[in-house]
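**Student:** For the sequence shown, numbering that gives the first Met the number 0 begins at 0 and goes up steadily by one.
For reference, the structure I am asking about is given below.
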Amino acid sequence: MGFFSEHKTLLITVVAIILVIGVWYGISSDAPSSSLLTSENVGGAGSAEDQNLVETLLQLRAVSLSGAILGDPAFLSLQDFGTQIVPEPIGRPNPFAPLLRGLQSTSTSRGSQLFPTR
0 MGFFSEHKTL
10 LITVVAIILV
20 IGVWYGISSD
30 APSSSLLTSE
40 NVGGAGSAED
50 QNLVETLLQL
60 RAVSLSGAIL
70 GDPAFLSLQD
80 FGTQIVPEPI
90 GRPNPFAPLL
100 RGLQSTSTSR
110 GSQLFPTR
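Written out as structure tokens, the structure is:
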């Protein structure tokens, strides 16, 4: 027990060096031997995915769009559930510019009312 307590720093250093060498050897032996750059032959024959894409694009080319759907009774019976957009007053040309004293507001009395009076 006296040997370990006297040479604790030396033993920790030796174990750390052995671990570093082991990790270095493990990482370097797993490195791929092939080149990182690869080249592909680009020829006239495409892959199956390319052929499927071309077929889909040709099918889409054959589709013709007309305005007949807009006159259809089913389209005309649709209801708009959108929200009414309230008109807002036009503000400053550059809203991020610093405020200067002496400038008048561009809002009008009608523009400052969000909800019309009834």
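Glycine is no exception: its CB is placed at the ideal position from the N, C-alpha and C atoms.
Quick caveat, the model's predicted, so the values are computed rather than measured.
I need the straight-line Cα distance from L64 to G90, nearest angstrom please.
**Tutor:** About 42 Å.
**Student:** Locate the alpha helix (DSSP H) running through A15, then write down its first and last residues.
**Tutor:** Run containing A15: K7 to S28, per the alpha helix (DSSP H) assignment.
**Student:** So for S76, helix, strand or coil by DSSP?
**Tutor:** Note: S76 maps to coil in three-state DSSP.
**Student:** Helix, strand or coil: how does DSSP classify V85 here?
**Tutor:** If DSSP states are grouped into helix, strand and coil, V85 belongs with coil.
**Student:** Using CA atoms only, rank isn't needed, just tell me which of L59, F2 and L75 is closest to G66.
**Tutor:** For G66, the nearest C-alpha among the options comes from L75.
**Student:** In terms of residue numbering, what span does the alpha helix (DSSP H) encompassing N93 cover?
**Tutor:** Neither: N93 is in no alpha helix (DSSP H) and is coded neither H nor E.
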